[in-house]
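The next block holds one structure in the form of structure tokens; read it before the comments.
2 protein chains.
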Amino acid sequence: MSDIQDIIIQLTELGLEKPVVSHDSVETVELWSEALEACIAAEAALESQLDYVLTKCLILKPKQPKSAEPIQVFIIAKADTTFSMTNLGKDLGMKELRFANDDVLTTIFNTSKGNVSPFALSNVPADKLPSVTIILDQSLVSEDLNKDIAFHPFKNDKTVFISSVTLKSYLDKLVGPDGYKVIDLSKYAASEAKPSAPVKKAPQAEQKPAQAAEEVSGGTKLGLDVKKDDDFSRWYQQVLTRSEMLDYYDISGCYIIRPWAYHVWQTIQEYFDAKIKTMRVKNCYFPMFVSARALEQEKDHIEGFAPEVAWVTKAGSSDLEEPIAIRPTSETVMYPYFSKWIRSHRDLPLRLNQWCSVVRWEFKNPQPFLRTREFLWQEGHCAYINKEGADTEARRILTYYKAVYEYLLAVPMIDGIKSEKEKFAGGLYTTTIEGFIPSTGRGIQAGTSHNLGQSFSKMFNVVVEDPNSPSNSGNEPAKLNVWQTSWGLSTRTIGVMVMVHGDDKGLVMPPRVSEIQVIVIPTGLTVKHSASDRQTIYKACSDLVSRLIEAGIRAEDDLRENYTPGFKYNHWELKGVPIRLEIGPKDLDKNSALSVRRDTFAKSSLSLDNIETTISELLEQIQNDMFAKATKDRDAGLKLVLDWDDFVTALNNKCICLIPWCNTTDCEDQIKDRSSRAELGDEPQDEKAPSMGAKSLCIPFDQPTNPPIEQGVTKCIQCGNLATVYGLFGRSY
Amino acid sequence: MSDIQDIIIQLTELGLEKPVVSHDSVETVELWSEALEACIAAEAALESQLDYVLTKCLILKPKQPKSAEPIQVFIIAKADTTFSMTNLGKDLGMKELRFANDDVLTTIFNTSKGNVSPFALSNVPADKLPSVTIILDQSLVSEDLNKDIAFHPFKNDKTVFISSVTLKSYLDKLVGPDGYKVIDLSKYAASEAKPSAPVKKAPQAEQKPAQAAEEVSGGTKLGLDVKKDDDFSRWYQQVLTRSEMLDYYDISGCYIIRPWAYHVWQTIQEYFDAKIKTMRVKNCYFPMFVSARALEQEKDHIEGFAPEVAWVTKAGSSDLEEPIAIRPTSETVMYPYFSKWIRSHRDLPLRLNQWCSVVRWEFKNPQPFLRTREFLWQEGHCAYINKEGADTEARRILTYYKAVYEYLLAVPMIDGIKSEKEKFAGGLYTTTIEGFIPSTGRGIQAGTSHNLGQSFSKMFNVVVEDPNSPSNSGNEPAKLNVWQTSWGLSTRTIGVMVMVHGDDKGLVMPPRVSEIQVIVIPTGLTVKHSASDRQTIYKACSDLVSRLIEAGIRAEDDLRENYTPGFKYNHWELKGVPIRLEIGPKDLDKNSALSVRRDTFAKSSLSLDNIETTISELLEQIQNDMFAKATKDRDAGLKLVLDWDDFVTALNNKCICLIPWCNTTDCEDQIKDRSSRAELGDEPQDEKAPSMGAKSLCIPFDQPTNPPIEQGVTKCIQCGNLATVYGLFGRSY
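See the structure below:
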């Protein structure tokens, strides 16, 4: 749930320029007006800054059948706008629109009478937002309004003043520009109703709390309300919450990873852990706490992280003498001990890894799995005697990262090296794998492996005696600073997988990481079947599951009595289970089961003889087909661009681009500037993107050869200087 | 390293009653005296409180051969005590005692000239403490001294005033009562030297920094300096650090779990995770952060944890609107979501588990693995429709915990139920497994599984409709609060394993959890052997390792050229590897290898034919023998006591006791009081024990039958009321 601080932070990012004013609680518009005037009278500086209109926010609901999913209407209006709820309702196709009761305010909007503000919309769970019709009074966004708009940010004891642009930005960010309606409410004015009273005077309509209307156990709703292509951002939130991968948490930017997603992570852990053990990497665990002194030792490095570090300053009721940081990453946690443990070249290479969570308290818009304040990852930290050792193993790790995506998650990757601008702060160079989200046309950094060079070993004094130093010269042997690598892969993996494979029915899980690979559902039973018929089918289902499990296939049956087969199909499609097997009396007569693939919905009747082999092969086929499809989609969004004029067109067509490039930071900055939509006078910037200018994603190891870069001849398409490489550029996460 | 706050906390626990006074930096005793008098003059209240003597602390070193491990002498004296360093050195058997140089002060004591205080001893790494001879000036602890003793706690800009009792308590706690010498320094007074000058005037003696004298790569020192029976606490610290299981960290109470220990934890994870998956427990991950509101929801529960909660109050340079807690455990993190997810009895049972770290910022003396501020654990949280479900599964988990200790770690456990006083705050009852550390005669809680009853589900409103409620009555169906369990097992497991099995040579690792089960070492090579002979032996070693690995045995060879076989034996004995195999020319001639068991040092010559089977059987034998030995030792320390007079005698003989008991909290409190050594006028209380009164460890499920408790007849041995059970009591961790 949002709290006052979240709201202020959000508004500040959107352009809050006026002070937040605190006053007594005000229950009516009249009291509010008085309170603000009193504040202005008390503080002269405010007078010149504030010119505002007051507002009211109303939460309404129509009459609905008890069985229907409850819907609400949320109105943001000027305080003096009056209109008829009934007339408005008619236009919206809603019967008997009236004030919603307390339960709705509390349960769905986490607010209460007299305190309602637009920002209560942030409290609505993602899966309920589609049930809210949001209406914005046209007079608040009219060109004629030269005033700020006053709202209670959280409770009615504070007021914020924002512009209509900021208000719209807020709503755009929350539900997208099509997620609310701007309506001239005054045209519904009528004598029969004057709802200018504040919400607290609302009649107490009868309504069951919204949560009682949930249809499915465990909070799963049947299917999605939104299509992937229509509103990708809402689709993503819905598919995650309704498939029970994730839930929102009462601290912003933190999320609950539920078992359906955690299984994917555990599969990645087991796979990757086994890989690095073949490299003799050893697991360990360092404390999550870092002293300020250690944290700040490497200056370039800490500059990158300082604004996002969370600080512990209290234990119980005592203040700590010095604040203690929670690790944002562990270079500065570990390397003082590398210095202690590495005494001789014989202690090299030292290869450590830990599975842990780290905290980066970002104030940017959080996004489940992709940008969260706490996230799970592994971080590897190794030290070598020379650059070659670090080079080789940094690349080897990158191949494992690529395999996690391509082999396990069926998501294609492009591997390469980061530009100077995008590399890890403090390191020598960064290798990376880059993914692509076709729905948004944006690239996404999927895993990085850094050669840190010697900068950290110099800061932390990680030295050994040079084993090649002449031993009989009588001099002290020369000291060598070790070469280091660090590399990390996080739960971002899961978000990328969902974004790439999911469809309008829900998740599509790659078989290798799906907790359930095959769901077996009894079908075809009607009232004319006897209890014994039913038991025969049920037993056939559970016998089949046992056989599949025996063969190493993760299978389950769904024998729940109180749900129809159709309901179960939807349920397991939402969760993305790769294969559904249906068994009914007719199937059993034929000694077969009907299989339905989640990825293609292709059906086929499979003989129960030898079905273990058939299913194993089918799972393998699905895994391969999913990778092939994702690769095809990625390739369709990957353009070789040889002319600047085609570059932005390609970006706007949701592509990422390979371009002949001079590989300089100045040019990279210019590419970003010149490709931002604002610069182009294009549609307003999408607030959900941290930056809509194109960034360099990587310089791919696998460089295009048709045409090749001719050194000394080929020109950079942006600046016209000589190109040295193909660079991969795109809008990105 | 200790910081000023740690020191103040430590001293406060030990009895710091006087204010800490801040003043200018004072480089000499004269300036110090002036500064304190100025403070007293400025603040009248101080005058009545302060009556003190000034002190000086000197760090000296003798002349030693370069190859020797450097030793230091640390003297705590009255400021006006003068003595001859040379004469003192003679009595100590040390040549040319003189002031240590800056390097020693910085590297070993983390202090600097002019700032030395007794509390710098806390900065000495555990493995270096034995090299420090600590001398306390008798005049500071004489009966005649009616004044407080003034020290700089950390730097010379502050002064603390403590009694001689507190000073001794500090030293007792740090190094034990035998770890320092009280000497009448005045008897070494002589005209030839007057070292009354402060340390800053020390001559700059030549000495290599202590760390350059480490003998072994990776910081491992050869073997231990202390015997397990002589000073158990120092033995424990040494064995952990020198075997490279753990390292100390620069934040007090936090430790680095190094690969040698982490492997044990990962083995436990894999074993237990597989067990709970058979129960259909699902893994997940909840955020580490908890809002204050959620944390404080269950009052009894939070009372137990509040004093130890770490609070995040800042992110980057911004203050958070509300402090956010780091989870000390996750009941209050998870259960609001249980309420959301559990809508129907069909959602039950819900069984979740997470592997994570939790933070309990204890101010008690931390101890690696046993009591740390951050620790790794798993926490399971389940919900059931009725008490029986919760009962059954809480007990099932306890059997898995017992198996972790007995099957994997070869440590015997006693399972039972906690008394009302010792149960988990807020729960219904707690089941527990209790271990025993023979060296200290103390019990240790090793894992707990709680039936939480319905108290949390009432607080967090986790309800379902009663499925047995009559369906046609027309009334609303009755609501049921779910029954919950929670259960946790932590890295404490590793500490218990080390304490039980370790010996004077180092760790003794149970084969099932040892990262290396067999170490193969080439032996018997002398100067008369050719390079080709050497290669033959080396190849025989690595071939053998390959064969063993092929057979699923975790084997390694140690072919390092620059170490002798004897050095390698010590190294791997310190690390506790279960079997050493030696191969030399003679062994090879006989087609055999010599095996040496770590637990018994028993040797036998093994034919290389079929050695995979022999070794597998031997590992199994070692595992079983270790468990049998630990059980025998535990049984020897477990007394059935039928008479109160025998109870404390048994405790003092390092036993835990089964006693006929009335099972009431009043009686339990009295048992604790009456069995504390202070009460008995016995030797001073061991400061390393949180409390030396006996606690109830559990009421064992397996009750003694000879004699049985006769209900209505048998009496409680403490209070004389009727006994209802045998209770297991003991001093404990």
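Protein chains in written order, with UniProt numbering: chain A, 1 to 733; chain B, 1 to 733.
Where is the CB? At the ideal position from N, CA and C, for every residue including glycine.
None of these values were measured; they are calculated from a predicted model.
Could you say which of A:Asp51, A:Ser469, A:Trp361, A:Arg597 lies nearest to tyrosine 344 of chain A if we only look at CA atoms?
On the first sequence, residue 344 of chain A is found 344 positions in, with the first residue counted as 1. Here residue 344 of chain A turns out to be serine, not tyrosine, going by the sequence shown. Checked all of A:Asp51, A:Ser469, A:Trp361, A:Arg597; the closest Cα to serine 344 of chain A is A:Ser469.
Please confirm whether threonine 86 of chain B has its beta-carbon closer than 8 Å to some beta-carbon of chain A.
To locate residue 86 of chain B, count along the second sequence from 1; it is residue 86. Not one chain A Cβ lies under 8 Å of threonine 86 of chain B.
Comparing C-alpha positions only, which one of B:Lys66, B:Arg731, B:Val527, B:Lys314 sits nearest to residue 734 of chain B?
What is shown of chain B runs 1 to 733, which leaves residue 734 of chain B out entirely.
Alpha carbon to alpha carbon, how far is alanine 689 of chain A from leucine 370 of chain A?
Locating residue 689 of chain A in the first sequence gives position 689, where the first residue counts as 1. Locating residue 370 of chain A in the first sequence gives position 370, where the first residue counts as 1. Since pLDDT at alanine 689 of chain A reaches only 44, below the 50 mark, its modelled position is unreliable, and the value read off the structure follows with that caveat. Taking the straight line joining both Cα atoms gives about 12 Å.
CB-CB length for leucine 398 of chain B against aspartate 415 of chain B, believed under 8 Å:
As a first step, residue 398 of chain B must be located in the second sequence, where it is residue number 398. As a first step, residue 415 of chain B must be located in the second sequence, where it is residue number 415. About 6 Å; that satisfies the 8 Å criterion.
Measuring straight from C-alpha to C-alpha, what distance separates tyrosine 285 of chain B and asparagine 123 of chain B?
The residue you call residue 285 of chain B lines up with position 285 of the second sequence. The residue you call residue 123 of chain B lines up with position 123 of the second sequence. Answer to the nearest angstrom: the Cα atoms are 37 Å apart.
Kindly indicate which three-state DSSP category valine 21 of chain A falls into: helix, strand or coil?
Along the first sequence, read from residue 1 onward, the residue named residue 21 of chain A stands at position 21. Valine 21 of chain A: strand per DSSP, three-state reduction.
Using CA coordinates, which residue listed in A:Lys18, A:Leu608, A:Ala100, A:Ala292 is at the minimum distance from aspartate 250 of chain B?
As a position in the second sequence, residue 250 of chain B is number 250, starting the count at 1. That would be A:Ala292, whose Cα lies nearest to the Cα of aspartate 250 of chain B.
Per DSSP, the bridge partner or partners of serine 291 of chain A:
Along the first sequence, one-based indexing puts residue 291 of chain A at 291. Answer is A:Ile324, bridged to serine 291 of chain A.
Straight-line CA distance for tyrosine 188 of chain B to tryptophan 661 of chain B?
As a working note, residue 188 of chain B is residue 188 in the second sequence. As a working note, residue 661 of chain B is residue 661 in the second sequence. Rounded to whole angstroms, tyrosine 188 of chain B to tryptophan 661 of chain B spans 59 Å at the Cα level.
Hey, how far is the Cα of lysine 61 of chain A from the Cα of proline 700 of chain A?
The sequence position of residue 61 of chain A within the first sequence is 61, counting from 1. The sequence position of residue 700 of chain A within the first sequence is 700, counting from 1. Using only the alpha carbons, I get a separation of about 55 Å.
Chain-ordered chain A contacts of cysteine 382 of chain B [CB-CB under 8 Å]
For the purposes of this step, residue 382 of chain B is taken as the residue at position 382 of the second sequence. Within 8 Å Cβ-Cβ: nothing; cysteine 382 of chain B doesn't reach chain A, min ~13 Å.
By DSSP's criteria, glycine 435 of chain B is part of a beta bridge. Which residues make up the other side?
Here residue 435 of chain B corresponds to residue number 435 of the second sequence, with the count starting at 1. DSSP links glycine 435 of chain B through a beta bridge to B:Ile444.
Partners in chain B for phenylalanine 286 of chain A, counting only beta-carbon separations shorter than 7 Å:
Residue mapping note: residue 286 of chain A aligns to position 286 of the first sequence, counting from 1. Result: Ile256.
Relative to the C-alpha of methionine 692 of chain B, which candidate in B:Cys655, B:Gly712, B:Ile659, B:Ile162 has its C-alpha closest?
The count along the second sequence starts at 1 and reaches residue 692 of chain B at position 692. Among B:Cys655, B:Gly712, B:Ile659, B:Ile162, the Cα nearest to that of methionine 692 of chain B belongs to B:Cys655.
For lysine 282 of chain A, collect the residues of the same chain with a Cβ closer than 8 Å to its Cβ; drop the 5 residues on either side in sequence, then sort them by chain order.
The residue you call residue 282 of chain A lines up with position 282 of the first sequence. If we look at lysine 282 of chain A and ignore the five residues flanking it on each side, its Cβ neighbours are Arg351, Leu352, Asn353.
Partner residues on chain A for asparagine 481 of chain B, Cβ-Cβ distance less than 8 Å:
Here residue 481 of chain B refers to the residue found at position 481 when the second sequence is read from its first residue. Per Cβ cutoff of 8 Å: no residues; asparagine 481 of chain B is ~17 Å from chain A at best.
Where does threonine 564 of chain A sit, in a helix, a strand or coil, going by DSSP?
Position 564 of the first sequence holds residue 564 of chain A. Coil at threonine 564 of chain A, not helix or strand.
How about threonine 267 of chain A: is its C-beta nearer than 8 Å to some C-beta of chain B?
Here residue 267 of chain A refers to the residue found at position 267 of the first sequence. Taking a beta-carbon distance threshold of 8 Å, threonine 267 of chain A does not count as an interface residue toward chain B.
Per DSSP, cross-strand counterpart(s) of serine 233 of chain A:
Position 233 of the first sequence holds residue 233 of chain A. None, per the DSSP bridge assignment.
Just mark asparagine 461 of chain B as buried or exposed, buried being the case when its beta carbon has 16 or more other beta carbons within 10 Å.
Here residue 461 of chain B is taken as the residue at index 461 of the second sequence, counted from 1. Under this definition asparagine 461 of chain B is an exposed residue.
8 Å Cβ cutoff, glycine 316 of chain B in contact with chain A:
Numbered from its first residue, the second sequence carries residue 316 of chain B at position 316. Yes, glycine 316 of chain B counts as interfacial toward chain A.
Going by DSSP in three states, leucine 16 of chain B sits in which element: helix, strand or coil?
For the purposes of this step, residue 16 of chain B is identified with residue 16 of the second sequence, where counting begins at 1. Looking at leucine 16 of chain B - three-state DSSP - the assignment turns out to be coil, as it is neither helix nor strand.
Taking a contact to mean a Cβ-Cβ separation below 8 Å, would you say alanine 425 of chain B touches isoleucine 433 of chain B in this structure?
Taking the first residue of the second sequence as 1, we reach residue 425 of chain B at position 425. Taking the first residue of the second sequence as 1, we reach residue 433 of chain B at position 433. No.
For alanine 120 of chain A, go through chain B and note every residue whose CB falls closer than 9 Å to its CB, in chain order.
Translated into positions along the first sequence, residue 120 of chain A becomes position 120. What alanine 120 of chain A touches in chain B, judged by beta-carbon distance under 9 Å, is nothing: the nearest beta carbon there is about 17 Å away.
Same chain, Cβ closer than 7 Å to valine 226 of chain B, neighbours up to 5 away in sequence not counted:
Counting from one through the second sequence, the residue named residue 226 of chain B turns up at place 226. The answer, listed in chain order, is Pro130, Arg234, Trp235, Gln238.
Using a Cβ-Cβ distance cut-off of 8 Å, determine whether aspartate 543 of chain B contacts chain A.
The residue you call residue 543 of chain B lines up with position 543 of the second sequence. Look at aspartate 543 of chain B: its C-beta is not under 8 Å from any C-beta on chain A.
Which word fits alanine 628 of chain A, buried or exposed, when buried means at least 16 other C-beta atoms lie within 10 angstroms of its C-beta?
For this step, residue 628 of chain A is matched to residue 628 along the first sequence. Burial call: exposed.
Isoleucine 7 of chain B and phenylalanine 74 of chain B: beta carbons closer than 8 Å?
As a working note, residue 7 of chain B is residue 7 in the second sequence. As a working note, residue 74 of chain B is residue 74 in the second sequence. No, the Cβ-Cβ distance between isoleucine 7 of chain B and phenylalanine 74 of chain B is not below 8 Å.
By the DSSP assignment, the beta strand (DSSP E) with tyrosine 407 of chain A in it spans what residues?
The residue labelled residue 407 of chain A in the question sits at position 407 within the first sequence. First-last for tyrosine 407 of chain A: undefined, no H or E at that position.
Please report the residue range of the beta strand (DSSP E) in which serine 607 of chain B lies.
Working through the second sequence from its first residue, we reach residue 607 of chain B at position 607. Run containing serine 607 of chain B: 603-607, per the beta strand (DSSP E) assignment.
For alanine 274 of chain B and chain A, any beta-carbon pair shorter than 8 Å?
As a position in the second sequence, residue 274 of chain B is number 274, starting the count at 1. Cβ-Cβ to chain A under 8 Å: no for alanine 274 of chain B.
Return the CA-CA distance between threonine 28 of chain B and lysine 421 of chain A, expressed in angstroms with no decimal places.
As a first step, residue 28 of chain B must be located in the second sequence, where it is residue number 28. As a first step, residue 421 of chain A must be located in the first sequence, where it is residue number 421. Taking the straight line from one Cα to the other gives about 53 Å.
Under 8 Å: do the segment 50-69 of chain A and the segment 90-100 of chain A share three or more Cβ pairs, one atom per stretch?
yes
Just to confirm the assignment, what range does the beta strand (DSSP E) spanning isoleucine 583 of chain A have?
For the purposes of this step, residue 583 of chain A is identified with residue 583 of the first sequence, where counting begins at 1. Note, isoleucine 583 of chain A: beta strand (DSSP E), 579-583.
Environment of proline 510 of chain B [buried if 16+ CB atoms lie within 10 Å]
Translated into positions along the second sequence, residue 510 of chain B becomes position 510. Counting Cβ neighbours within 10 Å, proline 510 of chain B comes out buried, since at least 16 surround it.
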